[in-house]
Amino acid sequence: MERSCSFKIPGAETTDLKIALYERKEVVERLQDELNAEREASATSASEAMTMILRLQGEKAELAMEAGQYKRMVEEQMSHAEISFALLEDLICQKEIEVDALEYQVEAYRSQLLSLGCSDVTSFEDVKLQEDLSLYDRSQTPSPELDDDLSVPEEKEVIEQSLESGRLEKNNSLDVYWEQIKKLDEKVKELTEFRDSMQYKTSLSESGINKGEEEDVA
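Residue numbers (full-length UniProt numbering): 1 to 218.
This is the structure we're talking about:
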């Protein structure tokens, strides 16, 4: 009896083993499919991550190149601005020297006018007008001495002519000095206006550059 039972048990075990083996294969295949799916998902994620990394690296390189170009452009502009400022400062200094020289010449001409007998240079035109009127009245009004005494010596006429010529030369010299002073005053005014305009433009340029630097820092 025991022997017959032993013969039946191995057959049943074989069937059970086949069933278990089939089930095990199904489990292995299912696990293999899941593993393949996970591998495909990992490969896809890795590919997407690599694509994103490459894109970010490209954008970073472009930004670095643009930043380098902007930096070089700003450096060139600052260098050009510094050179322009230096030239403007030299030009302003030169114009200030010219203004000082012209003012010195004006003072010299005024001193010459004072030495010639003009006490007030600003009222020179009025003085000149009065002198011209007095000369005109003198030429139109006959001299009573000449009417009373027609036998005036010729030397007196010569003396009067010499005095008159000296007075005219003095007036002419004063006219020349006065014209030179007016020209110098006009030139000084032009140079002063030019200097002020250059200083104003320089201050505007400096404020613009400082504003740009503050925006870059921000």
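Glycine included, each C-beta is placed from N, C-alpha and C at the ideal position.
Near residue i, which residues of its chain fall below 7 Å by C-beta distance, leaving aside the five closest residues on each side in sequence?
i	result
glutamate 155	Reliability of the predicted coordinates at glutamate 155 is poor, the pLDDT of 49 falling under 50, and no value is obtained from them.
arginine 24	none
residue 240	Nothing in the structure corresponds to residue 240, since the chain is present only between 1 and 218.
lysine 71	none
serine 115	none
threonine 202	Phe85, Leu88
Taking the CB atoms as reference points, tell me whether residue i and residue j lie closer together than 8 Å.
i	j	result
leucine 102	lysine 187	yes
methionine 198	leucine 88	yes
valine 106	leucine 184	yes
Could you tell me how far apart the beta carbons of residue i and residue j are, in whole angstroms, since I believe they sit closer than 8 Å?
i	j	result
leucine 204	glutamate 98	About 24 Å; that fails the 8 Å criterion.
isoleucine 83	arginine 195	With a Cβ gap of about 20 Å, isoleucine 83 and arginine 195 do not count as contacting.
Can you list, in chain order, the residues of its chain with a C-beta nearer than 6 Å to that of residue i? Leave out the 5 residues immediately preceding and following it.
i	result
phenylalanine 7	Caution applies to phenylalanine 7, whose pLDDT of 45 falls short of 50 and renders its modelled position unreliable; the value that the coordinates give is listed next. Closer than 6 Å at Cβ, skipping near neighbours: no residue.
threonine 141	Bear in mind that a pLDDT of 48 at threonine 141, under 50, signals an unreliable position, so the number given afterwards is only what the model happens to contain. No residues qualify anywhere along the chain.
alanine 46	none
alanine 67	none
glutamate 125	Note that glutamate 125 scores a pLDDT of 49, beneath 50, so its modelled location is shaky; the value from the coordinates is reported in the next line. So no residue of the chain qualifies.
CB-CB under 8 Å to residue i, same chain, minus the five flanking residues each way: which ones, in chain order?
i	result
alanine 49	none
leucine 21	none
(request) List in chain order: all unbroken beta strand (DSSP E) runs of 3+ residues lying wholly within the UniProt domain "GTD-binding" (12-110). (result) Segments of the beta strand (DSSP E) lying fully in the UniProt domain "GTD-binding" (12-110): there are none.
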